[in-house]
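Sequential numbering from 1154 applies to the sequence shown in the working numbering. All residues carry an ideal CB built from backbone N, CA and C; glycine is no exception. None of these values were measured; they are calculated from a predicted model.
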Amino acid sequence: MIKIVFFTDSQAPLKYFSAFDKSNKWELTSFSCSKLRKLLKNPSEDTVYLLDYASVSEDKQKKELNYLLKKEEVPRIIIDRKNDIDDPASILMKGCDYLGSKFLKEGIKPARLNSYFDFYYGSGDESEGVAAGSEKADSGKKNKTKHIAVKDGWKEIKSGKDYTFYMLFTEISIPAEWKKKSGSRHLNNLKQTFQALAEREASLCNGKVWIWNEYGGLILFPYTGVSCSPVIAAVKLLLNRVISSVEDFNLHTPIELRAAMHLGITTWKKRGNTGTIISDSLNSIFHLGSKYTPLNDFDITEDVYLELLPELKKLFSETGDFEGRKIYRLCHFEVNS
C-alpha cells in the first residue's frame, strides 16, 4: 500500500482523488498545511507528499514551497488548482511533479501517480507523464520525433511555436561544509558566478539561459541540423572547471558540477513566461541531469550522440539506459580534486 499524504486546509480539492476511493494500492490521508514541516522531518517510506498550494497563506507560500522542493529524498507533487505558480518548470528541476487546474478538472487518476513514480525512481519505463496543465510539445520518444530545424537560429524562432533545441541542464554542487562555513552573501556570489559562467560559455555557441533555479538551470541552443557546437560548450564547461575555480570563483578547490544534454522539441516563449510549456523532452532532461548524471560528468542522450561528428563521438562511451533512452557519458579525462 502506497500512502498519499495531502496537505490542505480545504475540503474542495479532495474531490480530485475520487478515483482512489476503491484502490487497493493507494491510501489517501489529508493533513493541515501547518503539519507539513513536522511530518517531513522524518518522512515515511512508500509515501508521496502533495501540497495544495492555494491552501497556504500568501505570505508563507514561497517559503513552504521551497521547503518541500528541498526534500528531494521523497516523491512530491504540487497541486496548483488556481494556477498561482508562474514557472512550474522550476519545480520539475527538483524532481517534483506539478498538477495545474487544467489537469485537475478531470481528477487525479492512479495512472498519473504511477507515471510520476516511474520518473522519480527511474524505473526505465517510457513514461507519458508531463506537468499537468502544460502544452505537450512532443512525445519524447525518438521514433516519433521529427526535428524542427532553423537555419538562421534565433532569428527564425517565434514565441508560441514548436522548435527542436539542444537542451543543456547544468548545476553546481555546493558541499554541506561550505554552506555551514560560508555566509549567505558568499553563497549567493558562488551561485551568481556559476550562472554568469554558464551564460558566457553558452553564448559562444548561440545558447540562451531559459530557466534558472538556485544552483543551475536549462540552456537552449537552436537546432540547425548542421552544427553540434552546443556539445562542445558543455565539454568546455566540464574540462575547464579547475581553471574556472581559480579565475572565476577565486577558490582553492575545484568546483563540482554536472551537465546533461538532450535533443528535443518544446514550445518557445521568452524567459519568465515558461509556466505552460513543459514538454516530455523538458521533463526528460531535468530527470536525466538531476537523477542520473554524477557530479563532474557530462551525459548526452542517444538523440544528441547521433548528431555528433565521428571525432566527437570518440569522446563518449555508452553508460546505460535511463527512462527508455540510451545514455552516453563524456570520457577520456580525469580531474584530481
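C-beta contact flag for residue i and residue j at 8 Å
i: Glu1367; j: Lys1389; result: no
i: Trp1183; j: Thr1161; result: In the sequence on display, residue 1183 carries Ser and not Trp. Yes; because the gap between Cβ atoms is below 8 Å, this pair is in contact.
i: Phe1318; j: Thr1420; result: no
i: Ile1438; j: Leu1371; result: yes
i: Asn1359; j: Gly1306; result: yes
i: Tyr1206; j: Leu1193; result: no
i: Leu1459; j: Asp1452; result: no
i: Pro1375; j: Tyr1316; result: yes
i: Leu1222; j: Lys1247; result: yes
i: Arg1478; j: Thr1446; result: no
i: Gly1313; j: Lys1422; result: yes
i: Trp1154; j: Lys1175; result: First, the amino acid is wrong: residue 1154 is Met here, not Trp. Cβ distance not < 8 Å, so Met1154 and Lys1175 don't count as in contact.
As assigned by DSSP and simplified to three states, the class of residue i
i: Thr1346; result: helix
i: Trp1421; result: coil
i: Glu1471; result: strand
i: Tyr1491; result: Nothing can be reported for residue 1491: it is not among the residues displayed for the chain, which extend from 1154 to 1490.
i: Leu1245; result: helix
i: His1339; result: helix
i: Glu1367; result: coil
i: Pro1447; result: coil
i: Ile1385; result: helix
i: Tyr1376; result: coil
i: Ala1302; result: coil
Alpha carbon of residue i to alpha carbon of residue j, nearest angstrom
i: Pro1407; j: Asp1450; result: 14 Å
i: Lys1224; j: Phe1256; result: 24 Å
i: Ala1412; j: Ile1327; result: 15 Å
i: Phe1475; j: Val1457; result: 14 Å
i: Pro1263; j: Phe1173; result: 7 Å
i: Leu1350; j: Leu1373; result: 15 Å
i: Asn1436; j: Asp1250; result: 10 Å
i: Arg1338; j: Leu1468; result: 38 Å
i: Glu1211; j: Lys1191; result: 20 Å
i: Thr1323; j: Asn1195; result: 30 Å
i: Pro1166; j: Leu1252; result: 12 Å
i: Lys1168; j: Ile1261; result: 9 Å
i: Leu1410; j: Ser1443; result: 11 Å
i: Ser1208; j: Leu1448; result: 37 Å
i: Ile1301; j: Tyr1269; result: 28 Å
Of the listed residues the options, nearest to residue i (C-alpha basis)
i: Cys1381; options: Glu1464, Arg1265, Ala1165, Glu1217; result: Glu1464
i: Lys1145; options: Tyr1481, Gly1306, Leu1416, Ser1470; result: Look at the range of the chain in this structure, 1154 to 1490, and you will see that residue 1145 is not part of it.
i: Lys1466; options: Arg1482, Leu1203, Glu1324, Lys1191; result: Arg1482
i: Lys1180; options: Glu1324, Val1158, Lys1194, Arg1190; result: The amino acid occupying residue 1180 in the given sequence is Glu; Lys does not appear at that position. Comparing Cα-Cα distances from Glu1180 to each of Glu1324, Val1158, Lys1194, Arg1190, the minimum goes to Val1158.
i: Ser1491; options: Ile1231, Ser1243, Leu1435; result: Outside the displayed span of the chain (1154 to 1490) sits residue 1491, for which this structure offers no information.
i: Lys1304; options: Pro1241, Val1379, Gln1348, Asn1267; result: Val1379
i: Trp1365; options: Pro1196, Leu1245, Glu1211, Ser1268; result: Leu1245
i: Ser1243; options: Gly1369, Arg1265, Asp1433, Leu1448; result: Gly1369
i: Ile1385; options: Val1362, Leu1448, Leu1357; result: Leu1357
i: Ala1387; options: Trp1363, Thr1377, Arg1353; result: Arg1353
i: Gln1164; options: Leu1222, Lys1216, Arg1234, Asn1219; result: Arg1234
i: Glu1226; options: Glu1198, Asp1240, Lys1216; result: Glu1198
i: Leu1461; options: Asp1433, Ala1355, Leu1448, Pro1383; result: Pro1383
i: Met1414; options: Ile1155, Asp1433, Ile1238, Met1320; result: Met1320
i: Lys1267; options: Ile1396, Lys1213, Lys1156, Lys1308; result: It is Asn, not Lys, that sits at residue 1267 in the sequence shown. Checking every option, the nearest Cα to that of Asn1267 belongs to Lys1156.
i: Ser1185; options: Ser1171, Phe1170, Thr1200, Leu1204; result: Leu1204
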